[in-house]
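Participant:
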Amino acid sequence: MQERMRIRAKELLTSGAVQRVLGWKKGDFPYNPEPAFFTAEHELDDLVYDRFCAANLSGYMVEANKQDGKTLVFLKPCDTYSFNQLTKENRVSRDKAWIIGVGCEGNAEVDEMQEIGLLERCKVCTKTEHKVFDELIGEDIQTREKEDRFEQVSDVEKMSPDERFGFWQNQLSRCIRCNACRNVCPACNCKKCVFDSGKYDTEQKANVTSFEEQMFHIIRAYHVAGRCTDCGECSRVCPQAIDLHLLNRKMIKDINELYGEFQAGDDAETPGPLTDYDADTDADPSVVYERG
Amino acid sequence: MLKIAKNNLPALFAVIAKSADLYLPIRKGTVNYAPWSEDADVDLDTLKTVKSPKDFFLPQSETLYTAALAGKKIQLEAEPFADTPFVVFGVKGCDVKGIEILDKVYLSDPVDKFYEARRKHGTIVSMACAEPQATCFCKPFSIDAANPAGDVVAWMADGNLYWEAKTEKGKKLTEIVSSMLESAADDIVTAQQKDIRQKIDALPYNSGLPLDRFKAERLIELFDAPQWDSLYQTCLACGTCTFICPTCQCYDIKDFDAGECVKRYRCWDSCMYSDFTLMAHGNPRKTQKERFRQRFMHKLVYYPDKNDGEYSCVGCGRCVNKCPASLNIVKVIKSLGVNADV
Numbered sequence: 112m113q114e115r116m117r118i119r120a121k122e123l124l125t126s127g128a129v130q131r132v133l134g135w136k137k138g139d140f141p142y143n144p145e146p147a148f149f150t151a152e153h154e155l156d157d158l159v160y161d162r163f164c165a166a167n168l169s170g171y172m173v174e175a176n177k178q179d180g181k182t183l184v185f186l187k188p189c190d191t192y193s194f195n196q197l198t199k200e201n202r203v204s205r206d207k208a209w210i211i212g213v214g215c216e217g218n219a220e221v222d223e224m225q226e227i228g229l230l231e232r233c234k235v236c237t238k239t240e241h242k243v244f245d246e247l248i249g250e251d252i253q254t255r256e257k258e259d260r261f262e263q264v265s266d267v268e269k270m271s272p273d274e275r276f277g278f279w280q281n282q283l284s285r286c287i288r289c290n291a292c293r294n295v296c297p298a299c300n301c302k303k304c305v306f307d308s309g310k311y312d313t314e315q316k317a318n319v320t321s322f323e324e325q326m327f328h329i330i331r332a333y334h335v336a337g338r339c340t341d342c343g344e345c346s347r348v349c350p351q352a353i354d355l356h357l358l359n360r361k362m363i364k365d366i367n368e369l370y371g372e373f374q375a376g377d378d379a380e381t382p383g384p385l386t387d388y389d390a391d392t393d394a395d396p397s398v399v400y401e402r403g
Numbered sequence: 100m101l102k103i104a105k106n107n108l109p110a111l112f113a114v115i116a117k118s119a120d121l122y123l124p125i126r127k128g129t130v131n132y133a134p135w136s137e138d139a140d141v142d143l144d145t146l147k148t149v150k151s152p153k154d155f156f157l158p159q160s161e162t163l164y165t166a167a168l169a170g171k172k173i174q175l176e177a178e179p180f181a182d183t184p185f186v187v188f189g190v191k192g193c194d195v196k197g198i199e200i201l202d203k204v205y206l207s208d209p210v211d212k213f214y215e216a217r218r219k220h221g222t223i224v225s226m227a228c229a230e231p232q233a234t235c236f237c238k239p240f241s242i243d244a245a246n247p248a249g250d251v252v253a254w255m256a257d258g259n260l261y262w263e264a265k266t267e268k269g270k271k272l273t274e275i276v277s278s279m280l281e282s283a284a285d286d287i288v289t290a291q292q293k294d295i296r297q298k299i300d301a302l303p304y305n306s307g308l309p310l311d312r313f314k315a316e317r318l319i320e321l322f323d324a325p326q327w328d329s330l331y332q333t334c335l336a337c338g339t340c341t342f343i344c345p346t347c348q349c350y351d352i353k354d355f356d357a358g359e360c361v362k363r364y365r366c367w368d369s370c371m372y373s374d375f376t377l378m379a380h381g382n383p384r385k386t387q388k389e390r391f392r393q394r395f396m397h398k399l400v401y402y403p404d405k406n407d408g409e410y411s412c413v414g415c416g417r418c419v420n421k422c423p424a425s426l427n428i429v430k431v432i433k434s435l436g437v438n439a440d441v
C-alpha cells in the first residue's frame with residue numbers, strides 16, 4: 112500500500128497535477144514518522160504509511176491552501192471529516208487539494224519507542240468511510256472494540272456534582288498550557304486565538320490557581336462545539352494524558368440528544384446544529400436547568 | 100556507602116518531610132514531581148517524569164512584586180525570596196545536569212535572586228537510572244546516568260536504596276536521616292553501575308550523534324543551512340518541547356490585574372510561540388522557521404559558545420517522546436550535523 116502511495120504521488124507530482132505532497136515521512140525509527148511536505152520526486156522514497164502515521168494531516172492544509180497550485184494530501188477516513196469541516200468553514204478550498212483516501216488499520220499508541228496498544232479513538236472508531244476524496248488506495252480494517260463511544264462520558268455524567276468537579280480538577284490541574292491540543296486541532300483554526308491576544312488578559316501564560324486551565328479547556332470545547340469531528344488528536348498529543356476528548360464528546364452527545372444526531376464533517380455543506388439554531392423547534396439553552 | 104530497605108522508604112520520607120518540604124515523583128494520571136504526603140502515590144520506578152524538576156528552581160510562574168494604590172501613591176511590595184529548605188528526591192542524572200545548565204544562566208552576573216534563594220535552600224537527592232529507556236541519549240552530553248551529580252546520590256538495587264552524600268548539603272541531610280541508614284558495601288552499586296553503562300551503550304541514540312559539527316565557528320553556516328526550510332514545516336508551534344525540557348530557560352514578565360492590586364509575575368515562555376520576541380515594531384522572527392531554528396541554535400550553538408562548549412541539551416529524550424509531530428532535537432542534530440559543511 113505504501114508503495115502504491117509512493118508511485119501515485121510521484122506520478123501526480125511529476126505530471127504537474129500537484130505541486131507538493133503532504134504525507135508522512137520516514138522517521139529515524141519506525142515508531143516516529145513525521146508529517147511532511149514533499150516537493151521533489153526523489154523525496155517521496157521517504158514517504159511512509161503504517162499504523163504509526165497517526166497525525167491528522169488535514170489541519171496542515173490551511174497553510175498548504177495559501178501556496179500556489181494543488182497539494183496532494185493523504186487522508187485516513189477520520190481525517191476526511193476534518194477536511195470537510197475546514198472546507199465548510201472556508202479555511203481550505205476543495206479544488207486546491209488532491210485527496211487520496213488511504214485505508215486505515217488503526218493507529219498505534221506509542222511510548223518510549225514502543226507500541227503500547229491502539230489509540231483510544233481507534234477503539235471506538237465510527238469513521239471507516241472516506242467522506243471526501245479524489246481517489247482511494249488500500250482497504251480499511253475495522254478496529255472498533257467498543258460499541259458506545261459515549262460510555263466514558265456517561266460515567267462522568269453519573270457522578271455527583273462534587274465527584275465530577277473532583278474528576279475534572281484532577282484532569283485539568285495537570286495541564287501545562289503547552290497548547291498542543293489547540294495547535295493540533297483542525298477545528299482550532301482561528302488566525303489569532305483569543306488566548307494569544309495581547310489585547311485581553313486571556314493571554315496569560317501563568318495561572319492564579321492550578322485549576323485555572325479549566326477556563327482554557329472549557330472555552331476551547333465550547334468554541335469547537337458542533338464543529339469537532341471527534342478526531343481525537345487533542346488527547347493523542349496531550350503530554351499530560353488529559354482525557355480532553357471527553358469534553359468534546361460531552362458536547363457531541365448533548366448536541367445529538369438535543370438537536371438530533373449530527374456528525375461534524377459528514378459533508379462540507381450542512382450547517383452545524385448550533386449555527387442554524389431554530390428558536391421554535393430547537394432546545395432552549397435553559398434546558399440545562401432541567402437536565403442538570 | 101549507606102543503605103535502607105526499599106520498604107522502609109515511606110518512613111525515610113516522613114523523617115525528611117519533618118525537616119524540609121519534600122518533593123518526589125508522584126503518580127496522578129501521569130508521573131510528576133509533587134509534594135510528598137503519606138497517602139501520595141510515590142513512583143520511583145517510572146524513569147521520566149513528564150515535566151523536569153526545574154520547576155523547583157524556576158517555577159512555571161512566580162510573582163516578583165505586587166503594586167497597590169495606597170491613597171494617591173503606588174506601594175510596591177517585593178515578593179520575599181524562598182527561605183524554606185526543601186528536598187527534591189529521585190532526580191535523574193540528565194535532570195541534575197539540566198539544573199547545572201540553568202545555574203550558568205541564573206547564577207552568573209547579574210545573579211537572579213529568586214533562583215539563587217531556591218538553589219540555596221534546595222537539596223537534590225539524585226538517583227541512578229537502573230533501567231534507561233530507548234529515548235535516552237545522555238551519554239553524548241557526558242552525563243553518567245550510573246553515577247549522577249547531586250547532593251546525595253542514590254541507587255535502587257537489590258531491594259534497597261543505596262545512599263551516598265556528595266556535598267555539604269548532602270551530608271547535612273544524611274545526618275538528619277542517619278538513624279535510618281545502615282552502612283553497606285559498594286559491590287551491589289558497582290555492579291549496577293556497570294550494568295547501567297552497558298545498557299546505555301546499547302541504546303539507539305547514544306552513539307553516532309554528529310554533535311561535533313555544532314560549533315560557534317560554524318554559526319552562520321548552520322544558521323543559513325537549507326535544512327531548516329523543511330525541518331520546521333510541520334512544527335505545530337505548540338510549547339510542549341519547551342515546557343517539558345529540563346534546560347529551556349526563557350521567561351516572560353507580565354502584569355496580572357488582581358483587582359485590588361497588580362501582580363507583576365514571570366512565567367515560562369516558549370520560543371515556539373508567535374508572541375515571543377514580539378516588540379513594538381513587530382516580530383523579528385516572522386515565521387515558525389525562525390522560531391524553530393532559534394530553539395535548536397540556542398541549545399546547540401549559542402549556549403555552548405558562551406559556556407565552554409557545553410550544549411544545553413541533556414539527552415533526557417522527553418521531546419523525542421512527546422512532540423505531537425514527532426520532531427525533536429535528535430532529528431535536527433542528525434539532519435544538520437551531517438550536511439552542515441557541504
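Residue numbers (my numbering), protein chains in the order written: chain A, 112 to 403; chain B, 100 to 441.
C-beta atoms are modelled at their ideal positions from N, C-alpha and C, and glycine is treated no differently.
1) Quick one: does Ile287/A have its CB under 7 Å from some CB of chain B?
2) Tell me whether Gln348/B is buried or exposed, calling it buried when 16 or more other Cβ atoms sit within 10 Å of its Cβ.
3) Tell me, please, whether the CB atom of Val441/B is closer than 7 Å to any CB atom in chain A?
4) Quick one: Cα of Tyr205/B to Cα of Ser308/A, how far?
5) Counting contacts by CB-CB distance shorter than 7 Å, is Met224/A in contact with chain B?
6) For Cys337/B, go through chain A and note every residue whose CB falls closer than 9 Å to its CB, in chain order.
7) For Asp440/B, is the classification buried or exposed, using 16 other Cβ atoms within 10 angstroms of its Cβ as the cut-off for buried?
8) What distance in whole Å lies between the Cβ atoms of Thr222/B and Leu272/B, which are believed to be in contact at a cut-off of 8 Å?
9) Helix, strand or coil for Gly192/B, going by three-state DSSP, please let me know.
10) Might you give, ordered along the chain, the residues of its own chain that have their beta carbon closer than 8 Å to the beta carbon of Asn374/B, omitting 5 neighbours on each side?
11) Out of Ala379/B, Leu168/B and Thr339/B, which has the shortest C-alpha to C-alpha gap to Lys362/B?
12) Can you pull the DSSP bridge partners for Lys127/B?
13) Using beta carbons (cut-off 7 Å, strictly below), is Val149/B in contact with chain A?
14) Hey, does Ala379/B have any beta-carbon neighbour from chain A nearer than 7 Å?
15) Specify, as a first and last residue, the run of the alpha helix (DSSP H) that Arg232/A falls within.
16) Spell out whether any CB of chain A is found under 7 Å from the CB atom of Arg126/B.
17) Name the residue from Thr129/B, Glu267/B, Lys196/B and Asp328/B whose alpha carbon lies nearest to the alpha carbon of Asn281/A.
18) Of all Cβ atoms in chain B, is any one closer than 7 Å to the Cβ of Leu385/A?
19) From the beta carbon of Gln351/A, is the nearest beta carbon of chain B less than 7 Å away?
20) Give a yes or no on contact between the segment 261–270 of chain A and the segment 183–202 of chain A, applying the rule of three or more CB pairs nearer than 8 Å.
21) When you compare the CB positions of Val141/B and Ile125/B, do they come within less than 7 Å of one another, or not?
22) If Pro231/B and Ala244/B are in contact, beta carbons under 8 Å, what's the gap, nearest whole angstrom?
23) Against Pro303/B, what residues of chain A qualify as contacts under a CB-to-CB distance less than 9 Å, listed in chain order?
24) Taking Ala175/A as the query, report the chain B residues whose CB atoms sit under 7 Å from its CB, ordered along the chain.
Facilitator: Quick answer:
1) yes
2) buried
3) Caution is warranted here: a pLDDT of 43 is assigned to Val441/B, below 50, making its placement in the model unreliable, and the coordinate value is therefore given only provisionally. Using a Cβ-Cβ cut-off of 7 Å, Val441/B does not count as an interface residue toward chain A, since no Cβ of chain A sits closer than that to its own.
4) 29 Å
5) Interface residue, yes.
6) Simply Cys289, Asn290, Ala291, Cys292, Arg293, Asn294, Val295 and Val348.
7) Summary for Asp440/B: the model assigns pLDDT 48, below 50, so the residue's position carries little reliability, and this model does not support an answer.
8) Indeed they touch by this definition, with Cβ atoms about 5 Å apart.
9) helix
10) As written in the sequence, residue 374/B is Asp, which differs from the Asn given in the question. For Asp374/B, where only same-chain residues beyond five positions count, the Cβ hits under 8 Å are Asn382.
11) Leu168/B
12) Thr129/B
13) The beta carbon of Val149/B falls within 7 Å of a beta carbon belonging to chain A, placing the residue at that interface.
14) no
15) Glu231 to Lys234
16) no
17) Thr129/B
18) no
19) With 7 Å as the cut-off, Gln351/A counts as an interface residue toward chain B.
20) Short answer: they don't touch.
21) The answer is yes: Cβ separation under 7 Å.
22) 6 Å
23) Asp139, Phe140 and Met224
24) Think of a sphere of 7 Å around the beta carbon of Ala175/A: no beta carbon from chain B falls inside it, the nearest being about 10 Å out.
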